[in-house]
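What follows is a short report on a single structure.
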Amino acid sequence: SHPARLSVQVHPYAGNRRMLLTRDITSLEQAEAMRRDFVANVSHEIRTPLTVLAGFVETLQNLPLDAEERARYLGLMAQQSHRMETLVNDLLTLSRLEGSAAPPATRWTRMRALMAQCEDEGRGLSSRLSSHGHRLSFSMEADSEIAGAPTELQSAMSNLLSNAIRYTPGGGEVAVSWRLLPDGRGEYAVRDSGPGIAAEHLPRLTERFYRIDRSRSRETGGTGLGLAIVKHIAQRHGAELRIESTLGKGSRFALVFPPARLRQATPLSAVA
Ligand code: ADP
173 SHPARLSVQV HPYAGNRRML LTRDITSLEQ AEAMRRDFVA NVSHEIRTPL TVLAGFVETL
233 QNLPLDAEER ARYLGLMAQQ SHRMETLVND LLTLSRLEGS AAPPATRWTR MRALMAQCED
293 EGRGLSSRLS SHGHRLSFSM EADSEIAGAP TELQSAMSNL LSNAIRYTPG GGEVAVSWRL
353 LPDGRGEYAV RDSGPGIAAE HLPRLTERFY RIDRSRSRET GGTGLGLAIV KHIAQRHGAE
413 LRIESTLGKG SRFALVFPPA RLRQATPLSA VA
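First residue of the sequence shown? That's 173 in UniProt numbering, and the numbers climb one at a time after it.
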């Protein structure tokens with residue numbers, strides 16, 4: 173009952189047309205296979221914390237635990253519920269990004285403000301994840317204003333920074349920068365001294381739920397959806413997501429914005 177397949181049978185001799193339709197079916201079938209994979213992945217990702225939670229509930233119901241043990245179990249249960257909440261929030265973000273029109277280039281946000289928020293979040297996350305933290309640096313060569321949806325821009329920038337911190341062992345280096353390229357485009361970049369990524373993984377990194385190190389992702393609160401979200405936000409803002417990495421040396425993730433989305437920020441002295 174596939175409509176495209178039906179057309180192929182109706183026009184058996186339409187040479188070129190048949191080829192076109194065959195290609196259509198292939199992409200429809202691919203889309204369908206991707207949808208099935210996605211549903212299976214989501215179900216699996218939700219079932220895992222749910223199973224753990226159910227196990228703890230049963231333990232609490234059946235075992236005579238002292239106050240300290242109960243508190244420990246409740247803490248672990250809170251962790252699992254938090255994980256499910258993060259996952260559902262990321263899924264909703266993705267579906268909202270897919271289902272809505274690109275944000276108009278009419279609202280301007282100051283890069284300095286976005287960077288300041290990144291810095292706050294980055295320092296917080298680094299100290300939560302590692303007792304000696306990371307060597308974090310933030311630099312801005314120009315204070316630009318950028319057009320788009322401020323919350324989306326912040327989310328994309330924070331996501332890349334949070335990945336750099338999460339995958340780089342404590343004590344490692346993470347450098348965040350904003351600069352204008354000679355051709356007028358603007359580049360937000362996050363460079364880390366983490367494990368790096370083998371070339372074969374790079375093309376698949378922005379696929380939903382694609383993770384190289386599943387346990388590291390999970391331990392640090394990852395959902396496997398971060399880069400898929402970043403990619404969508406980049407596309408909606410006409411930006412390019414660039415990933416460069418050397419195994420064992422570290423990675424560099426950059427968002428490159430077109431000149432049309434940028435303007436020079438009014439100097440603060442001129443505002444006052
Ligand atoms: P996750 O929630 O698992 O971090 P992402 O979509 O943000 O999901 O990233 C996908 C995968 O890409 C991660 O699981 C990790 O394997 C890899 N990755 C992302 N950023 C980095 C980085 N800075 N260094 C090394 N690996 C990274």
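Think of the CB as a built atom: it goes at the ideal place given N, C-alpha and C, for glycine as much as any other residue.
Three or more Cβ pairs closer than 8 Å define a contact, and the stretch 246–253 falls short of that threshold against the stretch 192–211.
In this structure, the alpha-carbon of Leu-352 lies about 10 Å from that of Leu-434.
Restricting attention to Leu-399, Pro-367 and Ala-370, the CA atom closest to the CA of Phe-381 is found in Leu-399.
At the C-beta level, Gly-344 and Ser-365 come within 8 Å of one another. Distances taken from the Cβ of Ser-389 to the heavy atoms of the ligand ADP include one shorter than 7 Å. Between Ser-330 and Cys-290, the C-beta gap is smaller than 8 Å, which places the two residues in contact. Counted as a single uninterrupted DSSP element, the beta strand (DSSP E) harbouring Glu-317 occupies residues 316–319. Between the stretch 404–423 and the stretch 273–284 there are three or more inter-stretch CB-CB distances shorter than 8 Å, so the stretches are counted as touching. In this structure, the C-beta of Ile-218 stays at least 7 Å away from each heavy atom of the ligand ADP. Each of Pro-367, Thr-198, Pro-430 and Gln-202 was checked against the Cα of Gly-320, and the nearest Cα belongs to Pro-430.
Put simply, the stretch 226–234 does not touch the stretch 260–268. Fewer than three CB pairs are less than 8 Å apart. Between Thr-265 and the set Glu-412, Asp-385, His-404 and Ser-417, the nearest pair of CA atoms involves His-404. Membership of Gly-271 in the alpha helix (DSSP H) is indicated by the continuous run 239–271. For Ser-316, the number of other beta carbons within 10 angstroms of its own is at least 16, and it is reported as buried.
Of the candidates Ala-432, Glu-416 and Thr-378, Ala-432 places its Cα closest to the Cα of Asp-355. Taking C-beta atoms as the reference points, Leu-325 and Ile-318 count as a pair closer than 8 Å.
Across the set Pro-341, Met-312 and His-216, the C-alpha of Pro-341 shows the shortest separation from the C-alpha of Glu-391. Here the distance from the Cβ of Ser-272 to the nearest heavy atom of the ligand ADP is not below 7 Å. With a cut-off of 7 Å, the C-beta of Ile-369 is classified as near the ligand ADP, since at least one heavy atom of the ligand falls inside that distance.
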